[in-house]
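Numbering (our numbering), first residue to last: 64 to 615.
Using N, Cα and C, we set each Cβ at its ideal position, and we do this for glycine too.
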C-alpha cells in the first residue's frame with residue numbers, strides 16, 4: 064500500500080477516486096467538509112438529518128471541479144465529556160473500517176482522508192497510526208493508495224516524520240510519497256516586510272528606515288534598501304482627525320500615498336511581483352503607528368486595491384521584552400473569557416456578546432466553555448483580574464471602552480471601578496505562567512505555563528503603542544505591548560477609536576469564520592472585507608499581531 068502525504072486540503076489532491084468524511088451528529092460543516100460542500104453544493108448538507116450508522120454512505124459526485132467520484136460519509140454519535148481516549152480511538156477505528164468496507168463495495172482503490180480525531184484530542188501521530196493500521200490490515204482487494212492530507216503546516220510536519228518512521232518499520236508492505244500542491248509553491252510563503260532595523264528612534268525629524276522584503280521565488284531576499292520617512296506627514300494624515308480613522312472616501316488615495324512614503328522603490332517592486340502572497344510585517348515600537356493595513360496599489364485597470372483586503376495580513380512586534388508562545392496544539396475544548404459592556408453604556412456590545420455565545424455554542428467540535436461577564440455587576444475590575452489570573456482561558460474577548468493616555472494610570476480597559484492597566488494585565492498573565500512552571504518543577508514535570516492563545520481587545524485605541532524610545536515610555540507600556548510581552552500568541556485590537564456597530568460586526572464575523580476552522584488570518588481578512596463593502600472606515604482600524612495560520 065502507498066500513502067501519499069499532502070500539505071493541503073483534501074479537495075485539492077490531484078488524483079483520487081473518493082474523499083472520506085466523518086461527521087458527528089449536531090456538528091456543523093467546517094474546514095475541509097465545508098470546502099467540499101461548496102464544491103458540490105448541498106451534497107453533505109442534505110445528509111445532515113441522517114442517523115448515525117455503522118456503515119458508510121457513498122455519495123456520487125457530479126461536479127467537474129473535483130477529481131474524485133464519491134464522498135464516503137460516515138456518521139458518528141457525539142462523544143460524551145466522560146469518554147476516554149481509548150473510547151475515542153475505538154470510535155475512529157470503527158469509522159475507518161466502515162470506509163474500507165464501503166470502498167470495497169464500490170471498487171474504490173484510492174482515497175483522500177484527513178487526520179481523524181485530532182480536533183477531538185488525538186495527537187497527529189496517533190491519528191496517523193490509526194489510519195495506517197486500519198488500511199494495512201485490510202484484505203488484498205482493498206484500497207491501495209491513501210492520500211493523507213493536512214493543511215496545517217505544523218501538524219503536517221509531525222505526521223510526515225511519524226509516517227516515514229512507520230514506513231521504515233513496515234519493510235516492503237508500505238511505501239510513502241509526497242504530493243506537490245496544485246497551486247504555485249510561492250503562494251504558500253508569506254511576503255515578509257522588515258521594518259525593525261531602525262538606526263535611530265528619535266522621531267523629531269525625517270528618519271531613514273532600513274527595510275527589506277523577502278521574496279518567495281526560491282526564498283530569495285531583496286537587497287536591503289532604505290527609505291526616508293517624514294513622521295510629520297504620517298501624523299498629519301492619520302492622527303489629526305481626533306483619533307478617528309481617515310474618511311472612507313479617501314482610503315485609496317491615502318493608502319497609495321502611504322505606500323510611497325514608507326516603501327522604497329525596490330521593495331514596492333518586490334511587493335507588486337508577489338501580490339497574491341500573504342503579508343507579514345515585522346516592526347518595532349517606532350513603526351507601530353504606521354497603519355500598514357491601509358497600504359494600497361493601483362492595478363492595471365486603474366482600480367485601487369489594498370493587500371490587507373485580499374491576502375492574509377499580520378504584524379509581528381520586534382521587541383526585546385516580547386516573549387511569544389505560539390506552539391498551540393488543537394484542542395477538543397477551548398475556554399473563552401467573554402467580558403462585555405462593563406460600563407453599562409455600550410448597547411452594541413450586548414449584541415456582540417450574545418451572538419458570539421450563540422455562534423460558539425452552536426458547535427460541538429471543538430467545544431467552547433464560555434465564562435461570560437456582562438454588564439457592570441458581573442464585569443468588575445477585580446472579578447476580571449481574578450479570572451485572568453486563573454490561567455484557565457485559551458481566549459479572552461473584551462468588548463468595551465479603551466483609553467490611551469501618557470499617564471499609565473489613566474490608560475487601559477475601562478471598568479466602573481477604574482482602568483485595567485497594561486501593567487496589571489501583563490503582570491497577571493506572567494504571574495500565573497510563573498506559578499505553573501514552579502508547580503511543575505516541584506512535581507518533576509514541565510509546564511510552559513502557556514498564556515492565552517488569543518486576546519481580542521475590541522475597544523478604542525487598544526492596539527496603539529507607545530512609540531518613543533525613552534525610559535519613561537518603556538515603563539509605561541501600552542496595552543498591546545503588554546499583552547504581547549506576556550507571551551500571548553495573538554492580539555486583535557484597534558489603532559483608532561472604533562464605532563460600536565463596526566466593532567460588533569467585525570467580532571461576530573471573525574468568530575463565525577473560526578467556528579468553520581478558517582485560519583485566523585483569513586477570518587480577519589473576511590471581517591475586514593465585510594466592513595469595507597459596507598463603507599465603514601473601521602476595516603483599516605483593526606490590527607492583528609500573531610500567526611495567520613492559527614486554526615481553532
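### The beta strand (DSSP E) enclosing residue 605, as first and last residue numbers
Under the DSSP assignment, residue 605 falls in the beta strand (DSSP E) whose first and last residues are 605–608.
### DSSP-derived helix/strand/coil call for residue 475
DSSP, read as helix, strand or coil, puts residue 475 in strand.
### Message
Is it the case that the segment 66–80 contacts the segment 157–177, given that we only count it when at least three CB pairs across the two stretches are under 8 Å?
### Response
The way I'd put it, the segment 157–177 does touch the segment 66–80; three or more beta-carbon pairs between them come closer than 8 Å.
### Task
Rounded to whole angstroms, what's the CA-CA distance from residue 199 to residue 120? Just pull it up for me.
Rounded to whole angstroms, residue 199 to residue 120 spans 22 Å at the Cα level.
### Message
Quick check on the DSSP output: the beta strand (DSSP E) that includes residue 240 runs from which residue to which?
### Response
Counting along the chain, the beta strand (DSSP E) containing residue 240 begins and ends at 238–241.
### Message
If you follow the beta strand (DSSP E) that residue 65 is in, where does it begin and where does it stop?
### Response
Going by DSSP, residue 65 is part of the beta strand (DSSP E) stretching over 65–69.
### Task
Below 6 Å CB to CB, which residues in the same chain sit around residue 525 once its five sequence neighbours on both sides are set aside?
Here the set comprises 465, 542, 556, 557.
### Task
Within the same chain, show all residues whose beta-carbon is closer than 6 Å to that of residue 219, passing over the 5 residues directly before and after it, in chain order.
Excluding sequence positions up to five before and after residue 219, its CB lies within less than 6 Å of the CB of 70, 213, all in the same chain and listed in chain order.
### 8 Å CB neighbourhood of residue 407 in its chain, flanking five on each side removed
Once the five neighbours on either side are set aside, the close Cβ partners of residue 407 are 438, 439, 479.
### Query
In terms of DSSP beta bridges, what is residue 397 paired with?
Looking at the DSSP output, residue 397 sits in a beta bridge with 431.
### Query
Apart from the five residues on each side of it in sequence, which residues of its chain come closer than 6 Å, Cβ to Cβ, to residue 379?
Cβ neighbours of residue 379 beyond the five flanking positions: 345.
### Query
Nearest to residue 565 by alpha carbon, out of 604, 554, 576?
Just measuring C-alpha positions, the residue of 604, 554, 576 sitting nearest residue 565 is 604.
### Query
Smallest Cα separation from residue 567: which of 183, 186, 410?
Put simply, of 183, 186, 410 the residue whose alpha carbon is nearest the alpha carbon of residue 567 is 410.
### Query
DSSP state of residue 361, grouped into three classes?
If DSSP states are grouped into helix, strand and coil, residue 361 belongs with the strands.
### Proximal residues to residue 372 (C-beta, below 8 Å), its chain only, five neighbours per side dropped
Residues 588, 591, 592, 595, 602 of the same chain have their beta carbon placed closer than 8 Å to that of residue 372, with the five preceding and five following residues left out of the count.
### Message
Which of the three DSSP states is assigned to residue 420 in this structure?
### Response
If DSSP states are grouped into helix, strand and coil, residue 420 belongs with the helices.
### Query
Which residue from 152, 513, 550 puts its Cα closest to that of residue 499?
Closest option to residue 499, Cα to Cα, is 513.
### Message
Alpha carbons only, please: which of 182, 502, 364 is nearest the one belonging to residue 431?
### Response
When the alpha-carbon of residue 431 is set against those of 182, 502, 364, the nearest one is in 182.
### Task
Go to residue 460, then tell me how far its beta strand (DSSP E) extends in each direction, as first and last residue.
Note, residue 460: beta strand (DSSP E), 458–462.
### residue 433 versus residue 458 - alpha carbon distance
Cα atoms of residue 433 and residue 458: separation of roughly 10 Å, rounded to the nearest angstrom.
### Task
Less than 8 Å between the CB atoms is what I'm expecting for residue 206 and residue 171, so what's the real figure, rounded?
Sure, about 7 Å apart at Cβ, within 8 Å.
### Task
Measure from the alpha carbon of residue 227 to the alpha carbon of each residue in 324, 217, 240, 522, then state which is nearest.
Per the Cα distances, 240.
#### Entry: residue 589, enclosing alpha helix (DSSP H) - first and last residue
Here the alpha helix (DSSP H) through residue 589 covers 583–596.
### Query
Leaving out five residues before and five after residue 488 in sequence, what residues of the same chain have Cβ atoms less than 6 Å from its Cβ?
If we look at residue 488 and ignore the five residues flanking it on each side, its Cβ neighbours are 545.
### Task
Tell me, please, whether the segment 566–585 touches the segment 415–429 by the rule of three or more beta-carbon pairs shorter than 8 Å.
Yes, the segment 566–585 touches the segment 415–429.
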